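Whatever position you read off the sequence shown (first residue = 1), add 6 for our numbering.
For every residue, glycine included, the Cβ atom is placed at its ideal position computed from N, Cα and C.
Keep in mind that this is a model prediction, so the values were computed, not measured.
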Amino acid sequence: MAIVEIRSGKIEGVTDNGVSAFKGIPYAAPPVGDLRWMPPQPVKPWAGVLTTDKFSPTAMQNASMMDGLFGGSPWPASEDCLYLNVWTPGLDNKKRPVMVWLHGGAFVIGSGSQPIYVSDRLARRGDVVVVTVNYRLGALGFLNLKEVTNGAIPATGNEGLLDQIAALEWVRDNIAAFGGNPENVTIFGESAGGMSVGALLGLPRAKGLFHKAIPQSGACHTAATKAQAARASEAVLAASGLSKPDELRNAEAKTFMRAQAQLALNKVPGHTAQEIGGMPFRPAIDGEIMKELPIDAVRKGASKGVPVMTGCTTEEWKLFGAMEKAITGLTEESMPQRLKFTLPGIDPEALLAPYREALPARGEAVTPANLFMAVQTDRIFTTPALRLLEAHAGNGNPAFAYLFDWKSPLMNGVFGACHALELGYVFGTYNLPGADKFSGSGPAADALAAAMMDAWTAFARTGDPGWAPYDPGKRITMGFGAECRLVNDPEPGARQAWEKIPDSLVGSI
7 MAIVEIRSGK
17 IEGVTDNGVS
27 AFKGIPYAAP
37 PVGDLRWMPP
47 QPVKPWAGVL
57 TTDKFSPTAM
67 QNASMMDGLF
77 GGSPWPASED
87 CLYLNVWTPG
97 LDNKKRPVMV
107 WLHGGAFVIG
117 SGSQPIYVSD
127 RLARRGDVVV
137 VTVNYRLGAL
147 GFLNLKEVTN
157 GAIPATGNEG
167 LLDQIAALEW
177 VRDNIAAFGG
187 NPENVTIFGE
197 SAGGMSVGAL
207 LGLPRAKGLF
217 HKAIPQSGAC
227 HTAATKAQAA
237 RASEAVLAAS
247 GLSKPDELRN
257 AEAKTFMRAQ
267 AQLALNKVPG
277 HTAQEIGGMP
287 FRPAIDGEIM
297 KELPIDAVRK
307 GASKGVPVMT
317 GCTTEEWKLF
327 GAMEKAITGL
337 TEESMPQRLK
347 FTLPGIDPEA
357 LLAPYREALP
367 ARGEAVTPAN
377 LFMAVQTDRI
387 FTTPALRLLE
397 AHAGNGNPAF
407 AYLFDWKSPL
417 MNGVFGACHA
427 LELGYVFGTY
437 NLPGADKFSG
447 SGPAADALAA
457 AMMDAWTAFA
467 RTGDPGWAPY
477 DPGKRITMGF
487 GAECRLVNDP
497 EPGARQAWEK
507 IPDSLVGSI
């Protein structure tokens with residue numbers, strides 16, 4: 007039994023093997039009833055001791071094929087979802103570095119309680135305090151209703167980001183009671199979580215709430231325009247059959263989950279993925295919370311003084327494309343046409359030329375499917391990471407690059423070094439029962455997990471992960487894989503092919 011007193015009351019957690027865990031701590035009031043689509047509000051204090059030994063409900067979401075790979079949460083989904091979890095090696099005054107995790111899931115799935123994010127191993131090995139956060143997802147967290155209701159519902163489409171900021175304010179105000187240092191907070195996240203980290207780097211409201219940042223497989227290019235956000239809202243209204251503000255406020259949350267499912271299948275007449283983006287629920291340039299694309303804010307110095315470490319896996323898109331018939335069935339004729347749709351105005355052959363040379367060096371066959379997936383990996387993940395590194399380092403800030411090329415053994419290696427594969431190695435959960443089938447196991451896996459946990463926690467502690475900073479000359483990058491080694495400017499041909507492609511065509515699915 008471990009009891010801590012925070013600003014809203016006393017909480018009781020569980021200590022096991024030297025790490026105390028507090029699960030399901032409310033950091034904001036339940037965003038239900040009149041608070042649906044409103045900015046997060048303060049928690050009401052409680053009397054007595056609140057037991058925090060079980061995870062909270064997740065944010066409302068639909069089931070996903072990814073649940074089987076990453077451990078879908080066994081906890082129910084609810085609008086009442088604004089909770090976080092804390093793991094600490096000591097309830098003392100040691101002022102340990104604090105690492106706040108923002109989960110991924112395309113802003114529509116996931117939670118801070120997924121088994122892969124259980125943080126006792128990371129907290130113990132690095133002597134750090136780890137916090138994982140739930141935030142509102144999908145239509146309940148990233149829907150700009152202000153435009154389509156003429157202000158009757160003031161949601162800007164960034165309420166999920168405001169939840170993350172509220173969680174960081176909770177950390178600032180309470181983490182010292184858990185042995186953490188509120189003046190040494192690192193935010194880290196992967197995929198939509200990495201894109202969230204990238205957004206927070208550019209948001210004035212988040213400034214000062216964190217001191218270091220690790221966006222993984224996501225950076226500063228993911229934001230809808232106001233027009234795209236409005237179109238996504240119109241699509242939700244069309245799919246749900248709702249239009250009046252009172253109808254929207256009073257509808258069951260499941261109504262919006264059904265609408266999300268229709269959008270995901272591109273089955274809302276008159277609302278195509280090309281208009282609203284392949285990821286309709288994402289942060290939005292609303293003119294209030296987010297005034298410009300985060301990478302533009304970073305270029306102007308918004309992230310000054312915040313060390314950044316960022317990177318990707320080398321075969322990100324294989325998670326989505328390796329088993330998808332629409333991708334595996336591409337031909338030399340159809341693949342360039344698909345690229346023209348994805349990258350309008352870009353000459354596909356000019357872009358593909360360096361990949362035709364690079365794939366054999368990676369040990370991959372030069373097939374239309376592999377070429378397309380390599381381009382998608384760089385369009386959505388690698389290029390935004392590089393542009394963040396260049397902008398941040400170019401402003402004189404510490405910036406560090408990594409690449410992850412360990413390959414998944416699942417299904418005879420068809421997924422390669424795919425999206426999200428590094429997660430088990432960052433948290434040390436790679437070898438949990440079931441996870442090892444996807445992540446791999448054995449002495450080399452053990453060494454990789456140790457190297458990554460040590461690098462991530464060293465960066466959280468000092469702002470230095472253990473290798474030289476990135477600069478536009480050498481472009482030093484740490485490779486994490488079967489062996490860990492430094493690489494100068496990995497695959498320059500592919501990098502150079504993207505240099506003239508505008509920000510508007512990269513970063514979002």
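Query: Could you pull the DSSP bridge partners for Gln222 from this structure?; Result: Glu196, Gly317
Query: Assuming the contact rule is C-beta atoms closer than 8 Å, Leu149 and Ser239 should be a hit. Round their C-beta distance to whole Å, please.; Result: 5 Å
Query: Please report the Cβ distance between Pro313 and Lys218, rounded to the nearest whole angstrom; I am assuming they are in contact, meaning their Cβ atoms lie under 8 Å.; Result: 5 Å
Query: At 3 residues or longer, and completely inside the stretch 370-432: list those beta strand (DSSP E) runs for me, N to C.; Result: 405-410
Query: Out of curiosity, what's the CA-to-CA distance linking Pro188 and Val106?; Result: 11 Å
Query: Would you report the Cα separation of Gly54 and Lys16, rounded to the nearest angstrom?; Result: 7 Å
Query: Can we say the stretch 189-204 touches the stretch 213-233, given the rule of at least three CB pairs closer than 8 Å?; Result: yes
Query: For the ligand ATP, is there any heavy atom lying closer than 6 Å to the beta carbon of Met285?; Result: Because no ligand of any kind appears in the structure shown, any question about the ligand ATP cannot be addressed here.
Query: Do you know how far the Cα of Ala328 is from the Cα of Trp412?; Result: 16 Å
Query: With C-beta atoms as the reference, is Ser117 less than 7 Å away from Thr64?; Result: yes
Query: Go through the stretch 288-357 residue by residue and report every complete run of the alpha helix (DSSP H) that reaches 4 residues or more, in order.; Result: 300-305, 324-327, 331-334, 340-348
Query: Could you tell me whether the stretch 251-271 touches the stretch 481-501, where touching means 3 or more Cβ pairs closer than 8 Å?; Result: no
Query: Just to confirm, is the Cβ distance from Pro475 to Met315 under 7 Å?; Result: no
Query: Is it the case that the stretch 118-126 contacts the stretch 452-461, given that we only count it when at least three CB pairs across the two stretches are under 8 Å?; Result: no
Query: Considering Glu18, what are the terminal residues of the beta strand (DSSP E) in which it resides?; Result: 15-22
Query: For Gly204, count neighbouring C-beta atoms within 10 Å of its own C-beta (all shown protein chains included) and say buried if the count is 16 or more, exposed if not.; Result: buried
Query: Which residues bound the beta strand (DSSP E) around Gly485?; Result: 482-486
Query: Beta-carbon separation of Ala423 and Thr278 under 7 Å?; Result: no
Query: Is the beta carbon of Leu206 less than 7 Å from the beta carbon of Val139?; Result: no
Query: How big is the Cα-Cα spacing for Ala488 and Glu428?; Result: 12 Å
Query: Spatial neighbours of Ala364 within its chain, please: C-beta separation below 7 Å, excluding the five flanking residues on both sides.; Result: Glu497, Gly499, Ala500
Query: What are the residues that DSSP puts in a beta bridge with Glu12?; Result: Sequence inspection shows Ile at residue 12; the Glu mentioned does not correspond to that position. Ile12 is bridged to Gly15.
Query: Thinking just about the alpha-carbon of each residue, which of Ala397, Met66, Met341 is nearest to the one in Ala259?; Result: Met66
Query: Could you give the C-beta distance for Ala145 and Val242, rounded to a whole number, given that I count them as a contact under 8 Å?; Result: 5 Å
Query: Rounded to a whole number of angstroms, what is the C-alpha to C-alpha distance between Phe465 and Ser26?; Result: 23 Å
Query: Cβ atoms of Ala198 and Ala516: under 7 Å apart, would you say?; Result: No information on residue 516 is available, as it lies outside the stretch 7 to 515 that the chain covers here.
Query: Hey, is the stretch 326-341 in contact with the stretch 373-380, meaning 3+ C-beta pairs nearer than 8 Å?; Result: yes
Query: Confirm, please, whether the CB-CB distance from Ala230 to Arg288 is below 7 Å.; Result: yes
Query: Measure from the alpha carbon of Tyr361 to the alpha carbon of each residue in Leu128, Val372, Ile352, then state which is nearest.; Result: Val372
Query: Start and end of the alpha helix (DSSP H) containing Val177?; Result: 165-180
Query: Using C-beta distances below 6 Å, list every residue in its chain close to Asn437, excluding the 5 sequence neighbours before and after it, in chain order.; Result: Ser447
Query: If you draw a straight line from the C-alpha of Arg42 to the C-alpha of Asn256, how long is it?; Result: 9 Å
Query: Does chain D have any CB closer than 7 Å to the CB of Ser197?; Result: Judged by its chain identifiers, the structure shown contains no chain D, having just a single protein chain.
Query: Which residues does DSSP list as the beta-bridge partners of Arg102?; Result: Gly186
Query: Candidates Ser510, Gly147, Leu128: which alpha carbon is nearest Thr389's?; Result: Ser510
Query: Please work out which residues of its chain come closer than 7 Å, Cβ to Cβ, to Arg368, disregarding the five sequence neighbours upstream and downstream, and give them in chain order.; Result: none
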